[in-house]
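Data block below; observations after.
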Amino acid sequence: MTEIFGVPVQALFGQLLIGLINGAFYAMMSLGLAVIFGLLNIINFTHGAQYMMGAFCAFFLLELAGIGYWWSLLIAPIVVGITGIIVERTMLSRLYKLDHLYGLLLTFGLALIVQGLFTNYYGSSGQPYRLPDEFAGTFNLGFMFLPKYRAWVIVASLLVCLGTWYLTERTRLGSYLRAATENATVVQAFGINVPRMVTLTYGFGVGLAAFAGVMAAPIYQVNPQMGANLIIVVFAVVVIGGMGSILGAIVTGFGLGIIEGLTKVFYPEASNTVIFVIMVIVLLIKPAGLFGQER
Amino acid sequence: MATSSKVAIPAPATPAAEPPETRGFRIATLIFVVALAVAPHVGFYPVFLMKALCFALFACAFNLLLGFGGLLSFGHAMFLGTAGYVTAYTAKSWGLSPELAILAGTAASTALGAMAGALAIRRQGIYFAMITLALSQMVFFFYLQTPFTHGEDGIQSVPRGKMFGVLDLTQPLVMYYVVLTIFMLGFLLIYRVIHSPFGNVLKAIRDNEPRAISLGYDADRFMLIAFVLSAGLAGLAGATKAIVFQLASLTDVHWTMSGEVVLMTLLGGMGTIFGPVAGAFAIISIENYFAGFGQWVTVLTGVIFVVCVLAFRRGIVGELGAWWTRRRNTRRG
């Protein structure tokens, strides 16, 4: 068997693949956070819980209604997105005039509520989510076997990320969004309903988290705690990348996933902490983040 | 403190800044101390009171940073936990006496605070919260993996020993009064800091940073000092807690603990002297009461968070203070 730096090629590519998959989730999650932060100036601490809700939504659809993966991919983000819209209308919208930290505290409280409720009913053990039949099997790439579902996760998350980028940077709606990020008052004076845009943006960001949750369900188990630890890593990703740019969030997410995967191969003890260490280094060298500006 | 030459700089003249009602504070503190000194003799469990006091000191330390420095740290558990581990380890494996072990734990947290603070104050607001959270998660993973902490088991059966060679801490009441003394020392230190020239500059930076900088204050340095102080006092709380419960475990470094101290401060009243104490006693009582209800405690914690943020932002002590002021004003006509 061939080796690179004393590591079997198979293991190296295996970990790279896992890193790429994790990176896909980091990218989708930090993208949602960045979109929400851009317009609402709120860090959505509930993001991890909403990711978990997406996974559970898919799980319920399959177990209770027999609705499969593909429909879940559409329905779960809409359902969870609607809960997000309700939260924004009834609670978050009262806080816009206050210090932004209150938004963080409110969403933290909501995350605790959601997580506590799901843990009450489903414990801390995971519920398996059956992989759709069309994803059974692997592609033989010659140097390694690539499970079909993992390939799909990478492709789909790239599509979602690029779609979001296109939506915000290249469409009229996106230009309103960016304008409102710069100066909401002026945009409102032009006759655009900014509060509704804010609501829909939050719903969209939350929907992205739920979408990531459905994607994650067949890989990781559906578990009430699945979002809690992810969200802290995603915060570090966001600090590293800076929330200024959509493309920045995507690149940072995938890049850090790959670095984490490589760390698992070469120095496994540090794989949990490598992203935080990178965050420290970035803070020392470029405090605003790789793609961010001070604001 | 480097500000001693600048004492003449006017304190923030905003009406929001509380006047130094020293007399009121003295009376309140006196009542508080007497109540706590009597409490174990009228049916309150010393263990419960000691737990509440440790968390009250932790919350006061946190409030020094949030309420008076305007910095929301979401990673304060790393200081509580680090001090706990160092104290437990030095007391158990090196056989240090409790006072030295507590000092060692506090020193470790202070050092960690200097490092974490220097990094975190490079960004502000929401980023500050995220950075401190990420740093504390890094610390959590470190303790999860290093052998000396014994992973999930934690460091158990830490000896309480004899403080200064005379105070036998295995006696519950002796332990209790030692904890009460440590708490009061920390509490009074925080009060002193808040009402010192340093504290006034800190509040000025919180209220209007650009103006404070234009007056010649090095805002970053003040915030760093506040951060280190807060970390050290949080460490004192963690170190004491480790001796009281004879245990240092991962719970104290977990991010949920960081959230809990935020909640205590928020519920009690940010930026008030007694608020964090009230919040800590309230939350610890709730947790004691709901201990058998599993995850419902988490749900309840979340609900309190949401209610506080939406409708109760001044917290218990803040609301009481506002009510008192209103009453006094209407009396005066």
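Just so you know, the protein sequences line up as chains R and P, in that order.
So for the first sequence, our numbering puts the first residue at 1; every next one is plus one.
So for the second sequence, our numbering puts the first residue at 296; every next one is plus one.
Glycine is no exception: its CB is placed at the ideal position from the N, C-alpha and C atoms.
Where the alpha helix (DSSP H) containing residue i begins and where it ends
i, result
"residue 358/P", "341-364"
"residue 471/P", "467-489"
"residue 117/R", "101-122"
"residue 202/R", "194-216"
"residue 39/R", "9-40"
"residue 391/P", "No alpha helix (DSSP H) contains residue 391/P, which DSSP labels as neither H nor E."
"residue 432/P", "421-440"
"residue 583/P", "570-584"
"residue 495/P", "492-502"
"residue 77/R", "69-90"
"residue 461/P", "Here residue 461/P belongs to no alpha helix (DSSP H), and DSSP marks it neither H nor E."
"residue 175/R", "172-182"
"residue 261/R", "246-266"
"residue 624/P", "610-627"
"residue 50/R", "47-65"
"residue 553/P", "550-563"
Span of the beta strand (DSSP E), counted from its first residue to its last, around residue i
i, result
"residue 147/R", "145-147"
"residue 139/R", "138-140"
Candidates the options: closest to residue i by CA position
i, options, result
"residue 54/R", "66/R, 64/R and 74/R", "74/R"
"residue 101/R", "394/P, 370/P, 380/P and 423/P", "423/P"
"residue 598/P", "555/P, 627/P and 565/P", "555/P"
"residue 110/R", "489/P, 610/P and 596/P", "596/P"
"residue 523/P", "360/P, 339/P and 503/P", "360/P"
"residue 612/P", "580/P, 575/P and 583/P", "575/P"
"residue 153/R", "120/R, 142/R, 217/R and 177/R", "217/R"
"residue 538/P", "495/P, 400/P, 372/P and 337/P", "400/P"
"residue 291/R", "146/R, 244/R and 234/R", "244/R"
"residue 488/P", "459/P, 512/P and 528/P", "528/P"
"residue 324/P", "603/P, 478/P, 525/P and 561/P", "478/P"
"residue 551/P", "225/R, 261/R, 283/R and 272/R", "225/R"
"residue 353/P", "436/P, 468/P, 587/P and 535/P", "535/P"
"residue 177/R", "202/R, 30/R and 139/R", "202/R"
"residue 370/P", "427/P, 331/P and 402/P", "427/P"
"residue 346/P", "517/P, 480/P and 471/P", "471/P"
"residue 126/R", "232/R, 275/R, 112/R and 52/R", "52/R"
Under 7 angstroms from the C-beta of residue i: neighbouring residues of chain P
i, result
"residue 280/R", "414"
"residue 287/R", "417 and 418"
"residue 108/R", "554 and 600"
"residue 256/R", "Ordered by position in chain P, no residue passes the 7 angstroms Cβ test against residue 256/R, which lies about 12 angstroms from the chain."
"residue 269/R", "440"
"residue 43/R", "421 and 425"
Residues that residue i contacts on chain R, provided the C-beta gap is smaller than 7 angstroms
i, result
"residue 429/P", "232, 235, 236, 239, 276 and 279"
"residue 374/P", "Those do not exist, as residue 374/P stays about 17 angstroms from chain R at its closest Cβ, beyond 7 angstroms."
"residue 479/P", "Residues of chain R passing the Cβ test: none, with the nearest at roughly 29 angstroms."
"residue 432/P", "232 and 276"
Contact list for residue i against chain R, beta-carbon separation under 8 angstroms
i, result
"residue 350/P", "Those do not exist, as residue 350/P stays about 18 angstroms from chain R at its closest Cβ, beyond 8 angstroms."
"residue 437/P", "273"
Chain-ordered chain R contacts of residue i [CB-CB under 9 angstroms]
i, result
"residue 518/P", "Here the premise fails: no neighbours, minimum Cβ distance about 14 angstroms."
Partners in chain P for residue i, counting only beta-carbon separations shorter than 9 angstroms
i, result
"residue 22/R", "Within chain P, no residue comes near residue 22/R; the closest Cβ sits about 16 angstroms away, beyond 9 angstroms."
"residue 51/R", "The contacting residues do not exist; residue 51/R stays about 16 angstroms from chain P at best."
"residue 39/R", "Those within 9 angstroms of residue 39/R in chain P number zero; the least Cβ separation is about 14 angstroms."
"residue 283/R", "414, 415, 417, 418 and 426"
Contact list for residue i against chain P, beta-carbon separation under 8 angstroms
i, result
"residue 12/R", "Neighbours of residue 12/R on chain P: none; closest Cβ ~23 angstroms, over 8 angstroms."
"residue 102/R", "604 and 608"
"residue 112/R", "554, 593, 594, 596, 597 and 600"
"residue 36/R", "Correct list: empty, because the minimum Cβ distance to chain P is about 11 angstroms."
"residue 290/R", "What residue 290/R touches in chain P: nothing, since even the nearest Cβ is about 13 angstroms away."
Any non-hydrogen atom of the ligand FAD within 6 angstroms of residue i CB
i, result
"residue 522/P", "The model depicted lacks the ligand FAD and carries no ligand whatsoever."
- Task: Below 9 angstroms between beta carbons is the criterion; list the residues of the region 532-566 of chain P that meet it against any residue of chain R, in chain order.
- Result: 550, 551, 554, 557, 558 and 561
- Item | Contact set between the region 584-607 of chain P and chain R, restricted to residues whose Cβ is under 7 angstroms from the partner | 589, 590, 591, 593, 594, 596, 597, 598, 600, 601, 604 and 605
- Task: Compile a chain-ordered list of the residues in the region 352-370 of chain P whose CB is closer than 7 angstroms to at least one CB of chain R.
- Result: Near chain R, meaning a CB-to-CB distance below 7 angstroms, the residues of the region 352-370 of chain P are 367.
- Can you give me, in chain order, the residues of the region 391-425 of chain P that have a beta carbon less than 7 angstroms from any beta carbon in chain R? 414, 417, 418, 420, 421, 422, 424 and 425
- Just by C-beta distance, which residues in the region 115-129 of chain R are closer than 7 angstroms to chain P? Taking a C-beta cut-off of 7 angstroms against chain P, the contacting residues of the region 115-129 of chain R are 115, 116, 117, 119 and 120, listed in chain order.
- Task: With 8 angstroms as the limit, tell me which residues of the region 78-97 of chain R have their beta carbon closer than that to any beta carbon of chain P; keep them in chain order.
- Result: 91, 94 and 95
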